[in-house]
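*Asks:* Could you have a look at this structure, given as C-alpha cells, before my questions?
There are 2 protein chains.
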Amino acid sequence: MVATRWSSGGQAGQPPQQSGSNVTMEFKHQPTVTLAEVAEAAGVGESTVSRVLRNHGSFSGKTRERVMAAVERLGYVPNRIAGTLASTGSRLVAFVIPSLSNIVFPDVLRGASAVLEENRYQAVFSVTDYDPGKEEALAAAMLAWRPAAVMLAGFEHTEGTVKMLRASGCRVVELLDLDGDALDIAVGFSNRAAGRESAAFLLKRGYRRIGYVGHDLKRDTRAGKRFSSFCETLDAHDAPLVAREILEGASSVENGRLGLERLLARTSDLDAVYFSNDDMALGGYFHCLAEGIAIPSKLAIFGYNGLDIGRAIPQPLSTIRTPRVATGQIAAQLVVANAPPQAVDLGFELIEGATA
Amino acid sequence: MVATRWSSGGQAGQPPQQSGSNVTMEFKHQPTVTLAEVAEAAGVGESTVSRVLRNHGSFSGKTRERVMAAVERLGYVPNRIAGTLASTGSRLVAFVIPSLSNIVFPDVLRGASAVLEENRYQAVFSVTDYDPGKEEALAAAMLAWRPAAVMLAGFEHTEGTVKMLRASGCRVVELLDLDGDALDIAVGFSNRAAGRESAAFLLKRGYRRIGYVGHDLKRDTRAGKRFSSFCETLDAHDAPLVAREILEGASSVENGRLGLERLLARTSDLDAVYFSNDDMALGGYFHCLAEGIAIPSKLAIFGYNGLDIGRAIPQPLSTIRTPRVATGQIAAQLVVANAPPQAVDLGFELIEGATA
DNA sequence: CACCAAATTGGTAGCGCTGCCAAAAAAACC
DNA sequence: GGTTTTTTTGGCAGCGCTACCAATTTGGTG
C-alpha cells in the first residue's frame, strides 16, 4: 500500500485559491423581509399574518390567500430566532455527543433527526470527544440556545453538568445506557446486561480461556460497564478472564487488530476473545484471517453493536445488536410529546453469528 | 447467524414503560434568570453586564468581579436567542446533508464541528436522504434560523433551493465536489478527476476487462460523476466498461457483496471491478474471500473514499482517499473568517493497496 | 331591523439582549 | 485647583415575532 500522489491541483492545508469568478459579491447581510412588511403588502395586521403562517387561531379563506400571495411575492422567510424569543419554549433539540467517528452516534442522530424533522424541530449538536469537562462546557453553550431538550450519552456527567441541566428547566434525555439514575428521561439498554449475556453466551458455548481487547475505558464508560459485568459473570462461573489488552485512544478496526496481536503474543492459548465493540472485533477477525488462525475452532471472537458489516464478512460476526437508530427515534418522540420522566429499555439482541 | 432473543426487559417498539420514580416532576419552563436580574443583583446597568460577559467594550476590574459574582450566584445562562436577535448576524451554521449512514458526512461534520466550537459557533443539521425536494424544504427551514452559513453537499440543487439561498444573503458552502459552478464557496475535490484517475490506474496495471458495481446514481450525483468520467477514460483507452451492476438504495457492504455476486454471475471473465465507494468495495472483497476468488490475480478491486477499515483487512484496499474531515475543517474556517467566494481544491490521494 | 353570539382582525406589550449615545467618573495635564 | 482627556457607565430603542385582549365584522335570530 503506497500513497502515490496528491491530485487535482490544490493541496490540503494550502492557502485557499480563489476561483476566477465574482470575488466581490455580497459580504454582509442584505435587508431581509419582515412580518410587518408582509402585513403591509397584504393589507392586513401583523398578528393576522402570524396566525395564517402558523395556521393557528382563525382567519378567513381570502385573508389566507392574500397573505400567502404577499409571502410568495416578497419571498418572506419567517425568522425563527424572533419567533422563539417571543414565544415560550423553542423547537431546538441539543445533542451533546462524545464522538462522530463511532458510528453509534450518527446512528442515534439519524433516528432522532427523522422524528424531529417531521415535527418541525431543529437538531443542534456538539462533540465532546468523551471529555466530561468539555461536555460541561458544551452543555452550557447549548443551554444558551434555550433548547426544548438536551440529549447526552449515558449517565456519567460532572457535578457541574448535572447542576446546570437540573437548573435549566429543559428536558434532559440520557441515551444508550440504563445502568444508573436518570436525570429525567433515559432511553437505551443495559450495558451491564449486555456484558453479562456476552459472557454467558461464550461460557455456554464451552469457551473457558477468555481474553478481552478494548479501547479506553475511562472515557467510554458504557464499554467499561460491559467489561466489568462481563468479568463478573466469568468469575461467577469460575472461568475468570485470562488476559486483557486495553489500547489507548478510540476504538477502531486497526486498534482491534493490533490489540489482538498483542494479546496473543502474550497469551497464546486463549480460546475466545471479547472485544469492546464490533470495530475492534473486526480488527481481530482480520488479524486471524491474515494469520491463518481458524475461527472459531482455534479462537472465537465476540463483539458488540451489531454493525451491518459484521454480517457481510465471510463468517458473520457473533455480537450483540443494539437498537441505536431506535434509541434516537424514541428519545425524539418522547421529547416531542413532552412525556413524563421515565426510563425506556429498548433491549438488545444477541446475534450468534459464526465467529463464536 | 441466528437472532436468539431480545433481552433485558423492554422490547423495541413497545410502548415506553415508566420507571417507578418521580413521574410528577417539572413539565414547564421554570423562571429563568435574565440579564436584567444579574444587573440588579450586581448593582450595575444591563449594558455593563452585557459588556463584561462578552468581554467587549471597557469596564473596570471590580465591576467585572461584581458582575461575575452575581452571574455565579444566580446561575445565569445568557440567552443566545435574544442575543442573536438583537445583534447582527448569528453564530449558527446550518448543515443540510444527504445522509448520516454514509460515513462521509459524519466525517465532514466532525471536521467542521471542531473548528466551529473553537470559534463559539453552533452547528445545526438536517438530513435530506439524497432527496433534492427534501433538501429544498430543509434548506428553507434552516434559513429561518438566520444562520451565518448553510453548508450543502455538492452542486446539484433544485431551482428553488438556489433561488432561496441566493436571496438569503447568508454564506453558502457547497462541499465534496468541484465539478460545477459554486454559488459562493466550494470546498472539496473533483469527483471527475477521481473517476479518471481510478480508471487510469487500473489500465496502467494492465486490467482491460473492467466492470462496475454501484449504488443509486441519480441520488448520489457525486458517485455518478466518478462513474461517468471513469467510463470516459476507459473508452479513451479502448477498453470500454464490460459490465455494470447498479443496486437500488444506499451504498452498503452488503449491497457491494450482492452486486459483485450478480455481476460475476452474468459476466464471469472480468479482471477488475470498480466500486462506487469503499463500503461497496469491501462487500466485493468479502465476496471474493468467501468464494475463494483470488485477489488481485483473478479479480482486482478498487474503491473510493479511503476508509480506515480498508487498511486493516488482510489485503489493503486499493482506493482513493478523500480529505473528508479536512473538507469540513476548511469549510468552517472560511465561514468563520467570512472569506470571499472561492473554490478550494483539497485534492485526493490514490492508495495503491493490494487489491488492484 | 334590533340584538346577541361567533368568527375575524388589529393593536400593542413584551421576549432578553445588543448597540448607540450621552452622562458620569477617573485620570492626566497645565 | 481647574481643565481636558480618557475610561466607565447607564438608559433606552429596537431586533422580529407571538400572545393577549379589545375592537370589528359576520351571521343568525326573534
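Top line first, the protein sequences correspond to chains D and S. Per my numbering, residue 1 is the first one in the first sequence, and the count goes up by one each step. Per my numbering, residue 1001 is the first one in the second sequence, and the count goes up by one each step. By construction, the Cβ of each residue, glycine as well, lies at the ideal position given by its N, Cα and C atoms.
(1) Please work out which residues of its chain come closer than 7 Å, Cβ to Cβ, to D/Cys231, disregarding the five sequence neighbours upstream and downstream, and give them in chain order.
(2) Give the C-beta separation of S/Leu1165 and S/Gly1328 to the nearest angstrom, bearing in mind that I take them to be a contact with Cβ-Cβ under 8 Å.
(3) Note down, in chain order, each residue of its chain lying with its Cβ closer than 6 Å to the Cβ of S/Val1104, except the 5 sequence neighbours on either side.
(4) Verify the CB distance criterion: does S/Asp1362 have a CB-CB separation below 8 Å to chain D?
(5) Which term fits D/Ser21, buried or exposed, when burial requires 16 or more other beta carbons within 10 angstroms of its beta carbon?
(6) Give the DSSP-derived three-state secondary structure of D/Glu65 in the structure shown.
(7) Show which residues of chain D have a CB atom less than 7 Å away from the CB atom of S/Pro1106.
(8) Within a Cβ cutoff of 6 Å, which residues of the same chain sit near D/Pro296, ignoring the five residues on either side of it in sequence?
(9) With a cut-off of 8 Å, do at least 3 Cβ pairs link the segment 259 to 267 of chain D to the segment 218 to 235 of chain D?
(10) So what's D/Glu245 in DSSP terms, helix, strand or just coil?
(11) For S/Thr1084, would you say it is in contact with chain D, using Cβ-to-Cβ distances shorter than 8 Å as the test?
(12) Between D/Leu109 and chain S, is any beta-carbon pair separated by less than 8 Å?
(13) Please list, in chain order, the residues of the segment 51 to 81 of chain D that have any C-beta partner in chain S closer than 8 Å.
(14) For S/Val1253, go through chain D and note every residue whose CB falls closer than 7 Å to its CB, in chain order.
(15) What does D/Ala144 reach in chain S if we use C-beta pairs closer than 7 Å?
(16) Would S/Ala1290 count as contacting chain D if we go by Cβ distances under 8 Å?
(17) Check whether the segment 275 to 292 of chain D touches the segment 301 to 311 of chain D, counting contact only when three or more Cβ pairs, one atom from each stretch, lie closer than 8 Å.
(18) Would you call the segment 181 to 189 of chain D and the segment 201 to 209 of chain D touching, i.e. three or more CB-CB distances under 8 Å?
(19) Looking at the structure shown, is D/Phe59 part of a helix, part of a strand, or coil, going by DSSP?
(20) With DSSP as the reference, please indicate the residues paired to S/His1215 in a beta bridge.
(21) Under DSSP, the beta strand (DSSP E) around D/Gln342 begins and ends at which residues?
(22) Note down the Cα distance separating S/Ile1293 from S/Arg1219, rounded to an integer number of angstroms.
(23) Whole angstroms is fine: what's the gap from S/Val1273's alpha carbon to S/Lys1163's?
(24) When we look at the beta-carbon of D/Gly310 and count the other beta-carbons within 10 Å, is it buried (16 or more) or exposed?
(25) Let me know the secondary structure DSSP gives S/Leu1327 once reduced to three states.
(26) Of all the CB atoms in chain D, is at least one closer than 8 Å to the CB of S/Glu1117?
(27) For D/Ser268, count neighbouring Cβ atoms within 10 angstroms of its own Cβ and tell me buried if that reaches 16, exposed if not.
(28) Alpha carbons only, please: which of S/Thr1088, S/Asp1216, S/Thr1221 is nearest the one belonging to S/Ala1153?
(29) Establish whether the CB of D/Gly283 and some CB of chain S are separated by less than 8 Å.
(30) Who pairs with D/Thr319 in a beta bridge, going by DSSP?
(31) Determine the extent of the alpha helix (DSSP H) in which S/Ser1126 is found, giving its start and end residues.
(32) Flag D/Arg257 as yes if its beta-carbon sits less than 8 Å from any beta-carbon of chain S, otherwise no.
(33) Pick helix, strand or coil for D/Val115, following the three-state DSSP scheme.
(34) Rounded to the nearest angstrom, what separates S/Gly1180 and D/Val172 at their Cα positions?
(35) Taking S/Glu1174 as the reference, which of S/Val1124, S/Ala1144, S/Val1096 has the closest Cα?
(36) Could you tell me which of S/Gly1195, S/Val1115, S/Ser1087, S/Ala1331 sits nearest to S/Arg1146, measuring between CA atoms?
*Replies:* According to the structure shown:
(1) Here residue 231 of chain D refers to the residue found at position 231 of the first sequence. Answer for D/Cys231: Leu241, listed in chain order.
(2) If you number the second sequence from 1, residue 1165 of chain S lands on position 165. If you number the second sequence from 1, residue 1328 of chain S lands on position 328. Actually they do not touch by this definition, with Cβ atoms about 19 Å apart.
(3) Numbered from 1 along the second sequence, position 104 holds the residue referred to as residue 1104 of chain S. Residues Arg1324 of the same chain have their beta carbon placed closer than 6 Å to that of S/Val1104, with the five preceding and five following residues left out of the count.
(4) Here chain S covers residues 1001 to 1356 and nothing more, so residue 1362 of chain S does not appear.
(5) Position 21 of the first sequence, counting from 1, holds the residue named residue 21 of chain D. Residue placement at D/Ser21 is flagged as unreliable, the pLDDT there being 39, under the threshold of 50; the coordinate-derived value follows with that caveat. Looking at its Cβ environment, which holds fewer than 16 other Cβ atoms inside 10 Å, D/Ser21 is exposed.
(6) Position 65 of the first sequence, counted from the start, is the residue given in the question as residue 65 of chain D. Helix at D/Glu65.
(7) The residue labelled residue 1106 of chain S in the question sits at position 106 within the second sequence. One finds Leu100, Pro106 in chain D with Cβ atoms closer than 7 Å to the Cβ of S/Pro1106, taken in chain order.
(8) Looking up residue 296 of chain D in the first sequence gives position 296. If the five residues before and after D/Pro296 are omitted, its C-beta is found closer than 6 Å to the C-beta atoms of Thr355, Ala356, all from its own chain and listed in chain order.
(9) No contact exists between the segment 259 to 267 of chain D and the segment 218 to 235 of chain D.
(10) In the first sequence, the residue the question calls residue 245 of chain D occupies position 245. In the three-state reduction of the DSSP assignment, D/Glu245 falls in the strand class.
(11) Position 84 of the second sequence, counted from the first residue, corresponds to residue 1084 of chain S. When Cβ-Cβ separations below 8 Å define contact, S/Thr1084 makes contact with chain D.
(12) As a first step, residue 109 of chain D is located in the first sequence; it is residue number 109 there, counting from the start. Answer yes: the Cβ-Cβ gap between D/Leu109 and chain S drops below 8 Å somewhere.
(13) Answer in chain order: Gly75, Val77, Pro78, Asn79, Arg80, Ile81.
(14) The count along the second sequence starts at 1 and reaches residue 1253 of chain S at position 253. Simply Asp308, Ile309, Ala312.
(15) In the first sequence, counting from the first residue as 1, residue 144 of chain D sits at position 144. Per Cβ cutoff of 7 Å: Val1077, Pro1078, Asn1079, Arg1080.
(16) Residue mapping note: residue 1290 of chain S aligns to position 290 of the second sequence, counting from 1. For S/Ala1290, the answer is yes, since a Cβ of chain D falls inside 8 Å of its Cβ.
(17) Enough Cβ pairs lie closer than 8 Å, so yes.
(18) For the pair of segments examined, the segment 181 to 189 of chain D was found not to touch the segment 201 to 209 of chain D: the number of CB pairs separated by less than 8 Å stays below three.
(19) For the purposes of this step, residue 59 of chain D is identified with residue 59 of the first sequence, where counting begins at 1. Assigned with DSSP and collapsed to three states, D/Phe59 falls in coil, not helix or strand.
(20) In the second sequence, the residue the question calls residue 1215 of chain S occupies position 215. DSSP lists S/Leu1247 as partners of S/His1215.
(21) Residue mapping note: residue 342 of chain D aligns to position 342 of the first sequence, counting from 1. Segment 342 to 345, the beta strand (DSSP E) holding D/Gln342.
(22) Indexing the second sequence from 1 puts residue 1293 of chain S at position 293. Indexing the second sequence from 1 puts residue 1219 of chain S at position 219. Cα to Cα, the separation comes out at about 32 Å.
(23) As a position in the second sequence, residue 1273 of chain S is number 273, starting the count at 1. As a position in the second sequence, residue 1163 of chain S is number 163, starting the count at 1. Rounded to the nearest angstrom, the two C-alpha atoms are 40 Å apart.
(24) Translated into the one-based positions of the first sequence, residue 310 of chain D becomes position 310. Taking a 10 Å sphere around the C-beta of D/Gly310, we find 16 or more other C-beta atoms and assign the residue as buried.
(25) To locate residue 1327 of chain S, count along the second sequence from 1; it is residue 327. Position check: residue 1327 of chain S holds Thr in this sequence, whereas Leu was assumed. Note: S/Thr1327 maps to helix in three-state DSSP.
(26) Residue numbering aside, residue 1117 of chain S sits at position 117 when the second sequence is read from its first letter. It does; some Cβ of chain D falls within 8 Å.
(27) In the first sequence, counting from the first residue as 1, residue 268 of chain D sits at position 268. D/Ser268 should be labelled exposed.
(28) If you number the second sequence from 1, residue 1153 of chain S lands on position 153. Comparing Cα positions, the closest option is S/Thr1221.
(29) Within the first sequence, residue 283 of chain D is the residue found at index 283, counting from 1. At least one chain S Cβ lies under 8 Å of D/Gly283.
(30) Counted from its first residue, the first sequence places residue 319 of chain D at position 319. In DSSP, D/Thr319 forms a bridge with D/Ile351.
(31) Numbered from 1 along the second sequence, position 126 holds the residue referred to as residue 1126 of chain S. No alpha helix (DSSP H) holds S/Ser1126; the beta strand (DSSP E) holding it covers 1122 to 1127.
(32) Translated into the one-based positions of the first sequence, residue 257 of chain D becomes position 257. Taking CB atoms only, D/Arg257 has a neighbour in chain S less than 8 Å away.
(33) Position 115 of the first sequence, counted from the first residue, corresponds to residue 115 of chain D. Here D/Val115 sits in helix by DSSP.
(34) As a position in the second sequence, residue 1180 of chain S is number 180, starting the count at 1. As a position in the first sequence, residue 172 of chain D is number 172, starting the count at 1. The straight-line gap from Cα to Cα measures roughly 44 Å.
(35) As a working mapping, residue 1174 of chain S is identified with position 174 in the second sequence. Of S/Val1124, S/Ala1144, S/Val1096, the residue nearest in Cα terms is S/Val1096.
(36) As a working note, residue 1146 of chain S is residue 146 in the second sequence. For S/Arg1146, the nearest C-alpha among the options comes from S/Ser1087.
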